[in-house]
Amino acid sequence: MRYREIVESSYRRDDWLAMLSDVFHGRAEFQAAPPEVPVGEQLVRQALLLGMVPLAEGARIAVYEVELAEGVRVERNRRGVRELFTADWRARGCAGALTLAHRPGEDALRFSYVSEGWKFNEQGHLERVSTDTQRCTYLLGKAGCGRTAAEQLEALRSAKPQSLVALTAAFSVEPLTRQFYRDLFGWFQWAVSPQANVSFPDLLADAPSEGIETKIIRLITRLMFVWFIKQKDLVPHRIFDAAFLATILKDFDPYSATDGNYYNAILQNLFFGTLNRAIVDEKGNSRQFAALSSRDVKTLYRYAEMFSIGEREVINLFAEVPFLNGGLFECLDRTRRIDGVEQCYSHDGFSRNALRLADGRWKHRATVPNNLFFDPEKGLLPILSRYHFTVEENSPEEQQVALDPELLGRVFENLLGAYNPETKETARNQSGSFYTPREIVNYMVDESLVAYLGDSDFTRSLFRSDFSLRQSDAEQCRAAADKLRALKVLDPACGSGAFPVGLLNRMVEILERIFPDASVYDLKLSIIENCLYGCDIQCIAVQITKLRFFISLICDCERDPAKPNFGIPTLPNLETKFVAADSLIAKKKRSMQRNILENLAIEPTKSALEEVRHRHFAAKAAAEKQRLREEDRELREKLVKLIAENDSYQPEDARQLAAWNPYDQNAVSPFFDPEWMFGVVDGFDIVIGNPPYIQLQSNAGELAKRYQNCNFSTFARTGDIYCLFYERGWQLLKDNGHLCYITSNKWMRAGYGEKIREFLTSKTNPIRLIDFAGVKVFESATVDTNILLFAKAANQHNLRCDVVDRQCIGGVKKNERFRAA
61 MRYREIVESS YRRDDWLAML SDVFHGRAEF QAAPPEVPVG EQLVRQALLL
111 GMVPLAEGAR IAVYEVELAE GVRVERNRRG VRELFTADWR ARGCAGALTL
161 AHRPGEDALR FSYVSEGWKF NEQGHLERVS TDTQRCTYLL GKAGCGRTAA
211 EQLEALRSAK PQSLVALTAA FSVEPLTRQF YRDLFGWFQW AVSPQANVSF
261 PDLLADAPSE GIETKIIRLI TRLMFVWFIK QKDLVPHRIF DAAFLATILK
311 DFDPYSATDG NYYNAILQNL FFGTLNRAIV DEKGNSRQFA ALSSRDVKTL
361 YRYAEMFSIG EREVINLFAE VPFLNGGLFE CLDRTRRIDG VEQCYSHDGF
411 SRNALRLADG RWKHRATVPN NLFFDPEKGL LPILSRYHFT VEENSPEEQQ
461 VALDPELLGR VFENLLGAYN PETKETARNQ SGSFYTPREI VNYMVDESLV
511 AYLGDSDFTR SLFRSDFSLR QSDAEQCRAA ADKLRALKVL DPACGSGAFP
561 VGLLNRMVEI LERIFPDASV YDLKLSIIEN CLYGCDIQCI AVQITKLRFF
611 ISLICDCERD PAKPNFGIPT LPNLETKFVA ADSLIAKKKR SMQRNILENL
661 AIEPTKSALE EVRHRHFAAK AAAEKQRLRE EDRELREKLV KLIAENDSYQ
711 PEDARQLAAW NPYDQNAVSP FFDPEWMFGV VDGFDIVIGN PPYIQLQSNA
761 GELAKRYQNC NFSTFARTGD IYCLFYERGW QLLKDNGHLC YITSNKWMRA
811 GYGEKIREFL TSKTNPIRLI DFAGVKVFES ATVDTNILLF AKAANQHNLR
861 CDVVDRQCIG GVKKNERFRA A
């Protein structure tokens, strides 16, 4: 039976029942005249019970068909749709339900599996362990992208036995993510190889460059963001259609291995001349092509000679694309005349200069051949077209079997760990970076927030999806909301942003429960600006973190042609929220004064700098951002002079403080100072993350040499870098603040762990320790791990220790699979 043909067609009940009968080998019990199910919801026009499916362990699954009411948006009614049949299938003694939801006149179908938490007890009988429902969904129909659903249904058909576990696996996002990563990584390896003929101007110059791998990851980052916002019709679909492109580009060959007119004429103009430029700027100028006098302005269109249509038609091609801002699409080429740099450089190669080298490559322009995008089997656009993307972040209660921003983060973090920038060798072990599974992130975020808010029954009720706002709780709700708004959180090794984005989503959920009428976009914007901070030693990782936040903000926006910028708010600038720096190295102050920037002589300049950065966070126009960045530079230089007069820092340290430029996307700071970089003076309320695991003596002891004189009491030459992150995290906390890390658990037993054990005992109040022992948390890692939560306070000797005794990460969330240590 051709499963894929059915799942990629308009919904027909007979076809689906025949397919499900085949999947379950004729054991499904479908009714000839399905009875109507009274659900009493405004969401539904009609609901029918199609039948039952018996499973191997004696459980049964109900199968429902639901026709949604006119105008109902499933995306905005997730919980309502999830709970539609819960009472019915529970009353029938079922373990869950399959639902087929569609709307009249639409080709899309949502195929969902809704269930509760189940496990086997000691007698081998199935028992319920949670009444919280979870829904996993495929979006199917004529939109295509049904390959994964068809393959998973075929795998379920072959499963022995056909159990709840097998059914749950059929709705898992993991196979989709793994296959997408394999496809994307294959493309990445092709793109960075010499055979791909990719070139950028700074790679051809004698001066050091950032490397082809970083450039390709940045290209993927930008294009992936565009692909996500395409789901909201913010970018015209036809600019990805080779047949259409042949009508507007001269001599367009989509399979050319040398010509890159698609990247230059279409993608670079989309990135730099459209998404990074207002439709009408502050001077009243609309989007336009660069004239000779404005050749170095990087927000104007180029390459008119590559089009077979006129300039006005090209401008109209992008006319309905909103201005997004945010820095992701800022061209990274720099010139003396515009940017004031001493040495010009071209990281992006967005140039009008058509000079070619002797081998035919552009000297000042980037070349990315068309076949990298359009090759039918391994081209990037065909790869993306094979998958369904959603801008909605999946949650523990609601998962769509699609590529959401969190899964994209996992893919990017794997790419970041794929190559060592120095040796070009596979660097998974050298980078020490492993993507933290969503369930672990959710657990660590929740426990950190509970500890910060104060662990109580009321506090924990705020985290439950069935929370009910009661008048008697009004004062506690207000206090919790005020405390959340005042929160300062740092991830000192933020990678692709899993923890900061996890915090954002959870904080928004809680505040929405307290203030049901609040704007989700405004809540997110406020939390991002005031609460969340991150640092990573890789520039591109910081860019990917920003990408995650941009997608999160965009998903709450709706296109409105009648409003300015089509109703899409411009994205914030996050350069002073997430920085590229070595978070383990702090600047040493010679003065005993605790907070240098609180000096009375320095305070006015510090306040002026904070105001400039607040204005830059929301700045839109390129000229305005440039003015603010110049003000920022002048104020930084003034502050350094005041600090030097105060004799607070060593001269070299003061020089490095002055040299740090938050707006240079290609620079990594050799130090991290939250007071200087973020204006955070008293420390953070929460430090959270998954720091890297790298032996200090690896790579000829390079890391040991770097950190041996940094005054870490936990330093041991035979130790691991994560031990230093524990101590540095403690330094970055305010008094009574909380740290929550997932790290290797070797510190508990290894000789090098003696110093960190002493440190944790004497300097912290350990609250919770979860040892995963032999359970593998990270898919690609062999390391054994633990989660540790502690407070920066006197040790109360009341640590709760748990050991995971089954390989079930989901059990962490419910605490049902621990045995006392």
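In this note's numbering, the protein residues as written are 61 to 881. Where is the CB? At the ideal position from N, CA and C, for every residue including glycine. Keep in mind the model is a prediction, meaning the values are calculated, not measured.
Problem - Cβ-Cβ separation, residue 607 to residue 388 (assumed contact under 8 Å), whole Å - result: Looking up residue 388 in the sequence shown gives position 328. Looking up residue 607 in the sequence shown gives position 547. Indeed they touch by this definition, with Cβ atoms about 6 Å apart.
Exercise for the section: Would you tell me roughly how many angstroms separate the C-alpha atoms of residue 517 and residue 574, rounded to the nearest one? Expected result: Translated into the one-based positions of the sequence shown, residue 517 becomes position 457. Translated into the one-based positions of the sequence shown, residue 574 becomes position 514. Those two C-alpha atoms are separated by around 16 Å.
Practice task
Starting from the Cα of residue 667, find the closest Cα among 628, 738 and 229 and give me that residue.
Solution key: The residue you call residue 667 lines up with position 607 of the sequence shown. Comparing alpha-carbon positions, the option among 628, 738 and 229 lying closest to residue 667 turns out to be 738.
Exercise for the section: Taking only the alpha-carbon atoms, compute the straight-line gap between residue 406 and residue 273 and give it to the nearest angstrom. Expected result: Taking the first residue of the sequence shown as 1, we reach residue 406 at position 346. Taking the first residue of the sequence shown as 1, we reach residue 273 at position 213. Their backbone Cα atoms lie some 16 Å apart in a straight line.
Practice task
Let me know the secondary structure DSSP gives residue 254 once reduced to three states.
Solution key: Here residue 254 is taken as the residue at index 194 of the sequence shown, counted from 1. DSSP places residue 254 in helix when its eight states are reduced to three.
Handout entry: Given 8 Å, three or more beta-carbon pairs between the stretch 219-233 and the stretch 107-119
Key = yes
Exercise for the section: Determine the DSSP secondary structure at residue 201, reduced to helix, strand or coil. Expected result: For the purposes of this step, residue 201 is identified with residue 141 of the sequence shown, where counting begins at 1. Here residue 201 sits in strand by DSSP.
Handout entry: Pairwise C-alpha distance: residue 107 and residue 67
Key = Working through the sequence shown from its first residue, we reach residue 67 at position 7. Working through the sequence shown from its first residue, we reach residue 107 at position 47. Cα to Cα, the separation comes out at about 20 Å.
Exercise for the section: Return yes when the Cβ of residue 342 is within less than 8 Å of the Cβ of residue 663, no when it is not. Expected result: To locate residue 663, count along the sequence shown from 1; it is residue 603. To locate residue 342, count along the sequence shown from 1; it is residue 282. The Cβ atoms of residue 663 and residue 342 do not sit closer than 8 Å to each other.
Problem - Stretch-stretch touch, CB-based, cutoff 8 Å, three pairs: the stretch 249-256 with the stretch 431-445 - result: yes
Practice task
Just tell me which of 512, 555 and 554 has its CA closest to the CA of residue 545.
Solution key: One-based indexing of the sequence shown puts residue 545 at position 485. Nearest C-alpha to residue 545: 512.
Problem - residue 548, buried or exposed, once every other Cβ within 10 Å from all chains shown has been counted against 16 - result: Counting from 1 along the sequence shown, the entry for residue 548 is found at position 488. Residue burial annotation: residue 548 is buried, with at least 16 other C-beta atoms found within 10 angstroms of its C-beta.
Practice task
On a CA-only basis, which of 363, 354, 379 and 217 is nearest residue 293? Give me that one, please.
Solution key: As a position in the sequence shown, residue 293 is number 233, starting the count at 1. Closest by alpha carbon: 379.
Exercise for the section: Would you kindly work out how many angstroms separate the C-alpha atoms of residue 252 and residue 408, rounded to a whole number? Expected result: By 1-based counting over the sequence shown, the position of residue 252 is 192. By 1-based counting over the sequence shown, the position of residue 408 is 348. Answer to the nearest angstrom: the Cα atoms are 15 Å apart.
Practice task
Put residue 113 into one of helix, strand or coil per three-state DSSP.
Solution key: For the purposes of this step, residue 113 is taken as residue 53 along the sequence shown, with counting starting at 1. Residue state, collapsed to three classes: strand.
Problem - CB of residue 427 within 8 Å of CB of residue 320, strictly - result: Position 367 of the sequence shown holds residue 427. Position 260 of the sequence shown holds residue 320. Against a cut-off of 8 Å, the Cβ pair of residue 320 and residue 427 comes out as a contact.
Exercise for the section: Can you tell me which of the three DSSP states residue 528 falls into? Expected result: Along the sequence shown, read from residue 1 onward, the residue named residue 528 stands at position 468. For residue 528, the three-state secondary structure derived from DSSP is coil.
Handout entry: Local conformation of residue 430 per DSSP, three classes
Key = Taking the first residue of the sequence shown as position 1, residue 430 is located at position 370. Residue 430: coil per DSSP, three-state reduction.
Problem - Rounded C-alpha distance that separates residue 124 from residue 62 - result: Against the sequence shown, residue 124 aligns to sequence position 64. Against the sequence shown, residue 62 aligns to sequence position 2. Distance between the alpha carbons of residue 124 and residue 62: 22 Å.
Exercise for the section: Return yes when the Cβ of residue 506 is within less than 8 Å of the Cβ of residue 555, no when it is not. Expected result: Position 495 of the sequence shown, counted from the first residue, corresponds to residue 555. Position 446 of the sequence shown, counted from the first residue, corresponds to residue 506. Against a cut-off of 8 Å, the Cβ pair of residue 506 and residue 555 comes out as no contact.
Problem - Contacting residues, own chain, Cβ-Cβ under 6 Å from residue 172 (five flanking each side not counted) - result: Position 112 of the sequence shown holds residue 172. If we look at residue 172 and ignore the five residues flanking it on each side, its Cβ neighbours are 159, 195 and 197.
Problem - Nearest residue (CA-CA) to residue 689, options 174, 599, 853 and 722 - result: To locate residue 689, count along the sequence shown from 1; it is residue 629. That would be 722, whose Cα lies nearest to the Cα of residue 689.
Handout entry: At least 3 beta-carbon pairs within less than 8 Å: the stretch 800-815 vs the stretch 824-837
Key = yes
Problem - the stretch 558-578 / the stretch 766-779 touching (three or more Cβ pairs under 8 Å) - result: no
Problem - Per-residue burial, residue 450 [other beta carbons within 10 Å of its own, 16 or more giving buried] - result: Taking the sequence shown and counting its residues from 1, one reaches residue 450 at position 390. By the neighbour-count rule (16 or more Cβ atoms within 10 Å), residue 450 is buried.
Handout entry: Inter-residue Cα distance where the pair is residue 524 and residue 530
Key = As a working mapping, residue 524 is identified with position 464 in the sequence shown. As a working mapping, residue 530 is identified with position 470 in the sequence shown. Using only the alpha carbons, I get a separation of about 14 Å.
Exercise for the section: Whole angstroms is fine: what's the gap from residue 564's alpha carbon to residue 744's? Expected result: On the sequence shown, position 504 is the one that residue 564 refers to. On the sequence shown, position 684 is the one that residue 744 refers to. Between residue 564 and residue 744, the C-alpha separation is close to 16 Å.
Practice task
Kindly identify the DSSP beta-bridge partner or partners of residue 716.
Solution key: What you label residue 716 is simply residue 656 of the sequence shown in a count that begins at 1. Paired residues: none, contrary to the question.
Exercise for the section: Enumerate, from N- to C-terminal direction, the unbroken alpha helix (DSSP H) stretches of 4 or more residues contained entirely within the stretch 494-551. Expected result: Runs of the alpha helix (DSSP H) inside the stretch 494-551: 498-513, 517-521 and 534-545.
Practice task
Kindly indicate which residue of 443, 786, 766 and 514 has the alpha-carbon position closest to the one of residue 539.
Solution key: Within the sequence shown, the letter at position 479 stands for residue 539. The residue with the shortest Cα to Cα distance from residue 539 is 514.
Practice task
Taking the CB atoms as reference points, tell me whether residue 522 and residue 570 lie closer together than 8 Å.
Solution key: On the sequence shown, position 462 is the one that residue 522 refers to. On the sequence shown, position 510 is the one that residue 570 refers to. Yes, they are a contact pair.
Problem - residue 843 to residue 729 span [Cα, whole Å] - result: For the purposes of this step, residue 843 is taken as the residue at position 783 of the sequence shown. For the purposes of this step, residue 729 is taken as the residue at position 669 of the sequence shown. Spanning the alpha carbons of residue 843 and residue 729 requires a straight line of approximately 29 Å.
Problem - Within 8 Å, strictly: CB atoms of residue 308 and residue 614 - result: Taking the first residue of the sequence shown as position 1, residue 308 is located at position 248. Taking the first residue of the sequence shown as position 1, residue 614 is located at position 554. No. Outside cutoff.
Practice task
Go ahead and pull the three-state DSSP assignment for residue 79.
Solution key: Start at 1 with the first residue of the sequence shown, and residue 79 comes out as number 19. Residue 79 falls in the helix class under three-state DSSP.
Exercise for the section: Measure the Cβ-Cβ separation of residue 83 and residue 217 and say whether it is below 8 Å. Expected result: Working through the sequence shown from its first residue, we reach residue 83 at position 23. Working through the sequence shown from its first residue, we reach residue 217 at position 157. Judged by their CB atoms, residue 83 and residue 217 are nearer to each other than the 8 Å cut-off.
Problem - Alpha carbon of residue 696 to alpha carbon of residue 227, nearest angstrom - result: Mapped onto the sequence shown, residue 696 falls at position 636. Mapped onto the sequence shown, residue 227 falls at position 167. If I take the Cα positions, the gap works out to 59 Å.
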